[in-house]
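Trainee:
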Amino acid sequence: MNTTRHGVWRRIQPVAAILAVVLLIGMPLWIVVVTAGKTQGEALNPDLSLPTTWQYAENFAAVWEQGRVPAAFFGSLLVMVPAVIGVLALGSLASWVLARRSSRRMAVLYALAISGIVLPPAVVTVVLLLRQLGLAGTAIGMIGVYMGMYMSTVIFFVTGFIRTIPMELEEAARVDGAGPLRVFGKIILPLLAPVLSTATILICLYVWNDVFYAFFVVGGRLDTLPLNLFQVASAGLYLENWHLIFAYVVLMSLPLLVVFIVAQRKIISGITSGAVK
Amino acid sequence: MTAQTTAIPPMPPAGPSASRRPTARTDHRHRASHPATFLIPAFLILGVFFFLPTIFNFVYALTDWSSFKSEIGFVGLQNIQDLISSGTLLSSLRITLVYAVLVAIFQNLFGLLLALLLERDTKINRFARVMFFIPVVMSALAAGYVFQAILKPDGAANAILSALSGQPVTIPWLGDTTWTLVVVALIHSWKWMGLSMLIYLAGLKTISEDVLEAARLDGASAWTMFRDIRFPLLAPALTFNVATALLGSMNGFDIVQATTGGGPARTTELLNIFIFRTFGQGLFAQATTMSLVLFVVVVALAFPVIRTLRKREEVL
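Protein chains in written order, with my numbering: chain A, 1 to 277; chain B, 278 to 593.
1. Which chain A residues are close to B/Pro312, counting only those with a beta carbon under 8 Å from its beta carbon?
2. So A/Ser76 is in the alpha helix (DSSP H); what residue range does that whole segment cover?
3. Less than 8 Å between the CB atoms is what I'm expecting for B/Ala420 and B/Pro412, so what's the real figure, rounded?
4. Beta-carbon within less than 8 Å of A/Val127's beta-carbon, same chain only, minus the 5 sequence neighbours each way: which residues are those?
5. Rounding to the nearest angstrom, what Cα-Cα distance links A/Ile12 and A/Leu19 in this structure?
6. Short of 7 Å in beta carbon distance, which residues of its chain neighbour A/Phe246, apart from the five on each side in sequence? Order them along the chain.
7. So, are the CB atoms of B/Asn549 and A/Phe212 less than 8 Å apart?
8. In the DSSP output, which residue or residues are listed as bridge partners for B/Phe351?
9. Taking a Cβ distance cut-off of 7 Å, strictly less, list which residues of the stretch 503-534 of chain B are near chain A, in chain order.
10. Taking only beta-carbon atoms, is B/Leu395 less than 8 Å away from chain A?
11. Tell me, to the nearest whole angstrom, how far the beta carbon of A/Thr125 is from that of B/Asn334; I am working on the premise that it is less than 8 Å.
12. Between which residues of its own chain and B/Phe351 is the CB-CB distance below 7 Å, once the five residues before and five after are set aside?
13. Starting from A/Asn45, find everything on chain B with Cβ-Cβ shorter than 7 Å and list it in chain order.
14. Under 7 Å between beta-carbons, which chain A residues line up against B/His465? List them in chain order, please.
15. Should B/Thr501 go down as buried or exposed, given a rule of 16 or more other Cβ atoms within 10 Å for buried?
16. Beta-carbon of A/Ala173 versus every beta-carbon of chain B: anything under 8 Å?
17. Quick check on this structure: which residue in B/Phe387, B/Val325, B/Val336 has the alpha carbon closest to the alpha carbon of A/Leu24?
18. Whole-angstrom Cβ separation of A/Ala94 and B/Phe315, contact assumed at under 8 Å?
19. Closest by CA to B/Phe345, which one among B/Glu590, B/Val461, B/Gly559?
20. Are the stretch 560-569 of chain B and the stretch 506-522 of chain B touching, with three or more C-beta to C-beta distances below 8 Å?
21. Measuring only the C-alpha atoms, how far is A/Pro226 from B/Leu418?
22. Listing by chain order, which chain B residues have their CB less than 8 Å from the CB of A/Gly177?
23. With 16 as the cutoff for other CB atoms within 10 Å, does B/Ser526 come out buried or exposed?
24. If you draw a straight line from the C-alpha of A/Val175 to the C-alpha of B/Phe320, how long is it?
25. Determine whether the Cβ of A/Arg131 lies closer than 8 Å to any Cβ atom of chain B.
26. What does a CB cutoff of less than 8 Å around A/Val249 pick up in its chain, not counting 5 residues either side in sequence?
27. Quick one: complete beta strand (DSSP E) runs, 3+ long, within the stretch 438-522 of chain B?
28. Hey, could you find the ends of the alpha helix (DSSP H) B/Gln384 is sitting in?
29. So, at 7 Å on beta carbons, what are the nonlocal neighbours of B/Ile465 in its own chain, with the 5 sequence-adjacent residues on each side left out?
30. Express the C-alpha separation of A/Ala72 and A/Gly142 in angstroms, rounding to a whole number.
31. Which residue marks the beginning of the alpha helix (DSSP H) containing B/Val414, and which one marks its end?
32. Roughly how many angstroms lie between the CA atoms of A/Tyr238 and B/Thr521, to the nearest whole one?
33. Looking at the unbroken alpha helix (DSSP H) that takes in A/Ile117, where does it start and where does it end?
34. Distance check for B/Thr457 and B/Phe383, CA to CA, integer angstroms please.
35. Any contact between the stretch 80-89 of chain A and the stretch 189-208 of chain A? By contact I mean 3 or more CB pairs, one from each, below 8 Å.
36. Report the three-state DSSP secondary structure of A/Pro180 (helix, strand or coil).
Take a look at the structure:
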């Protein structure tokens, strides 16, 4: 009896899986894609119907102009790339020392370094601080804030990983007379590729999509993709202009979506291997 | 995150665990080869951009800092008293906690159900997993707008329900002072359930086939096997998922802002929505005070929750 029930499940499961995808993911995404191609009047109440006339070109051109997509795209890149490279480089360097040394002072420093995983960033006073530093509204200030926010994640990931790397590997290089920075750069850093790629994926996701912290730090001064989506949608300019909002959503999601589809196997295995020991 | 803007706490990577942790006695040997100066850049960034603003939080919550005057004066506990007496503090706090608990429940329930549904490594299941991960990759703000369009009074949801039931359905999904919070928590869970699913799938993979086979031979039903064997063995995945869901939703902003903006009648006004709104009005000290409240609540809740969940793992 047990086996027949098993057999029934095997036959139903693919149907259930496809049904779940269509209802939970397919329908919302379908509404986005068809509404982005409609005229304003047709898009007033977004639904599943196809547009009578497709006007992707007109809608994309409109948001490209009004949503300042090129500026926002480069603004997002300008902040994300240095923040991610910086936090990974500085975080890994510190993690190496935190993983290899074991005095009580190092344990305290490690606890302090990873506390940011749980603690929420002080989003209001960081604005005041940046003003005092002369970095208010600048890309450099935003990069610093993101690095501060994700430093703990990187140190936690990387320190745990380095502890699994045998000491002998670096000792051989040290005997050959290599200094610490050389040992780190030549021996340790290449071995960190798997953990660094997982951290890169997660931090890129968060930084690319962030609007809350960006609003406080660079709102109105620097264009980023989520910030511009938020501004145009809440300024009333796009109110009830669902065709334009969704055209913007499509444009904005495409870069990450393409990266994800191309590298999905690596991304998924990277995230899961890091999460469950 | 998106709404989940705080870094999710990852577990140490798989592999031979901590096999090479140096002992205190060998530490002096590492001093020259692993100089403490390497810590300086990372701690400088952490100190300036993370810890210093946090300390400022405690200071400026006691001032009348605002955009209306140039000087900043000390007012003591005035801000916190105002927020308590107006009822804003307690209502925002209650809404944030209810939201966090709802998200933790829904996101884990959906993630676990999806993981169980898509457990076998078939072509269809692999495709479905990728599809369910798309919302995780999307911007939470965009996800919020999508659901605002679907759930507005004359939106797609009510249209489909009307067609199915044969009579006009006009449910105010995003306009109800009681239930909209639940609806928004469901949207938040929809956005992140793909991540929980992946973590549960990884957890299910670690359960040895022998254990399951032995139970099957003993005649255990699928439900008994799940309740007594698989679910308890998913404890590490559950810890991770509950902790990330709680942290992500306590710091929630994007999805609520994009769907309701805190309404109707501020019944979905999370702490971060309040901070955003009062900051926009130039009431910087109030926003700082609420930011401090969020900090204290997360500290007070996160550590006990993580400890309790960890203890559950050790029992095994």
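For glycine and all other residues, C-beta sits at the position ideal for the given N, C-alpha and C.
Mentor: So, to answer that:
1. In the second sequence, counting from the first residue as 1, residue 312 of chain B sits at position 35. Residues of chain A passing the Cβ test: Val97, Pro180.
2. Working through the first sequence from its first residue, we reach residue 76 of chain A at position 76. Its alpha helix (DSSP H) spans residues 69-100.
3. Locating residue 420 of chain B in the second sequence gives position 143, where the first residue counts as 1. Locating residue 412 of chain B in the second sequence gives position 135, where the first residue counts as 1. Confirmed, about 6 Å.
4. The count along the first sequence starts at 1 and reaches residue 127 of chain A at position 127. Contacts found: Ala136, Phe216, Val217.
5. On the first sequence, residue 12 of chain A is found 12 positions in, with the first residue counted as 1. On the first sequence, residue 19 of chain A is found 19 positions in, with the first residue counted as 1. Their Cα atoms are separated by approximately 11 Å.
6. For the purposes of this step, residue 246 of chain A is taken as residue 246 along the first sequence, with counting starting at 1. In its chain, beyond the 5 residues on either side, Val32, Thr35, Ala36 have a beta carbon closer than 7 Å to the beta carbon of A/Phe246.
7. Taking the first residue of the second sequence as position 1, residue 549 of chain B is located at position 272. Taking the first residue of the first sequence as position 1, residue 212 of chain A is located at position 212. Taking 8 Å as the Cβ cut-off, B/Asn549 and A/Phe212 qualify as a contacting pair.
8. As a first step, residue 351 of chain B must be located in the second sequence, where it is residue number 74. B/Phe351 pairs with B/Thr340.
9. Taking 7 Å as the Cβ-Cβ cut-off, the stretch 503-534 of chain B approaches chain A at Pro513, Ala514, Phe517, Leu524, Asn528, Phe530, Asp531, given in chain order.
10. Here residue 395 of chain B refers to the residue found at position 118 when the second sequence is read from its first residue. Yes, because at least one Cβ of chain A sits closer than 8 Å to the Cβ of B/Leu395.
11. Looking up residue 125 of chain A in the first sequence gives position 125. Looking up residue 334 of chain B in the second sequence gives position 57. 5 Å between Cβ atoms; contact.
12. Your numbering for residue 351 of chain B matches position 74 in the second sequence. Hits under 7 Å: Leu339, Thr340.
13. By 1-based counting over the first sequence, the position of residue 45 of chain A is 45. Residues of chain B whose Cβ lies closer than 7 Å to the Cβ of A/Asn45 are, in chain order, Asp431, Gly432.
14. If you number the second sequence from 1, residue 465 of chain B lands on position 188. Per Cβ cutoff of 7 Å: no residues; B/His465 is ~14 Å from chain A at best.
15. The count along the second sequence starts at 1 and reaches residue 501 of chain B at position 224. Classification for B/Thr501: exposed.
16. Residue numbering aside, residue 173 of chain A sits at position 173 when the first sequence is read from its first letter. Under the Cβ distance rule, A/Ala173 does not count among the residues neighbouring chain B, no pair being separated by less than 8 Å.
17. By one-based count along the first sequence, residue 24 of chain A stands at place 24. Nearest to A/Leu24 by C-alpha distance, out of B/Phe387, B/Val325, B/Val336, is B/Phe387.
18. Counting from 1 along the first sequence, the entry for residue 94 of chain A is found at position 94. Counting from 1 along the second sequence, the entry for residue 315 of chain B is found at position 38. Yes, A/Ala94 and B/Phe315 are in contact; Cβ-Cβ is about 6 Å, under 8 Å.
19. In the second sequence, the residue the question calls residue 345 of chain B occupies position 68. Of the candidates B/Glu590, B/Val461, B/Gly559, the one whose C-alpha sits nearest the C-alpha of B/Phe345 is B/Gly559.
20. Touching, no.
21. Walking along the first sequence from the start, residue 226 of chain A turns up at place 226. Walking along the second sequence from the start, residue 418 of chain B turns up at place 141. Straight-line Cα distance between these residues: approximately 7 Å.
22. In the first sequence, counting from the first residue as 1, residue 177 of chain A sits at position 177. What A/Gly177 touches in chain B: nothing, since even the nearest Cβ is about 12 Å away.
23. As a working mapping, residue 526 of chain B is identified with position 249 in the second sequence. Under this definition B/Ser526 is a buried residue.
24. Your numbering for residue 175 of chain A matches position 175 in the first sequence. Your numbering for residue 320 of chain B matches position 43 in the second sequence. Taking the straight line joining both Cα atoms gives about 30 Å.
25. Residue numbering aside, residue 131 of chain A sits at position 131 when the first sequence is read from its first letter. No - not a single Cβ of chain B is within 8 Å of the one on A/Arg131.
26. Taking the first sequence and counting its residues from 1, the one referred to as residue 249 of chain A is at position 249. Within the same chain, A/Val249 has close Cβ partners Val32, Ala36, Leu229.
27. Complete beta strand (DSSP E) runs here, min 3: none at all.
28. As a working note, residue 384 of chain B is residue 107 in the second sequence. Where B/Gln384 is concerned, the enclosing alpha helix (DSSP H) stretches over 365-394.
29. On the second sequence, residue 465 of chain B is found 188 positions in, with the first residue counted as 1. Inspection of the sequence shows that residue 465 of chain B is occupied by His rather than by Ile. Ala280, Val380, Ser526, Gly529, Ile532, listed in sequence order.
30. Here residue 142 of chain A is taken as the residue at index 142 of the first sequence, counted from 1. Here residue 72 of chain A is taken as the residue at index 72 of the first sequence, counted from 1. One point to set straight first is that residue 142 of chain A is Met, not Gly, in the sequence displayed. A direct Cα-to-Cα measurement between A/Met142 and A/Ala72 gives close to 14 Å.
31. Taking the first residue of the second sequence as 1, we reach residue 414 of chain B at position 137. Looking at the DSSP string, the run of the alpha helix (DSSP H) that includes B/Val414 is 400-414.
32. Against the first sequence, residue 238 of chain A aligns to sequence position 238. Against the second sequence, residue 521 of chain B aligns to sequence position 244. Note that A/Tyr238 scores a pLDDT of 46, beneath 50, so its modelled location is shaky; the value from the coordinates is reported in the next line. Inter-residue distance for A/Tyr238 and B/Thr521 is about 34 Å (C-alpha atoms, whole angstroms).
33. Here residue 117 of chain A corresponds to residue number 117 of the first sequence, with the count starting at 1. Segment: none, A/Ile117 is in no alpha helix (DSSP H) and carries neither H nor E.
34. As a first step, residue 383 of chain B must be located in the second sequence, where it is residue number 106. As a first step, residue 457 of chain B must be located in the second sequence, where it is residue number 180. C-alpha separation (whole angstroms): 15 Å.
35. The stretch 80-89 of chain A vs the stretch 189-208 of chain A: in contact.
36. Taking the first sequence and counting its residues from 1, one reaches residue 180 of chain A at position 180. Helix at A/Pro180.
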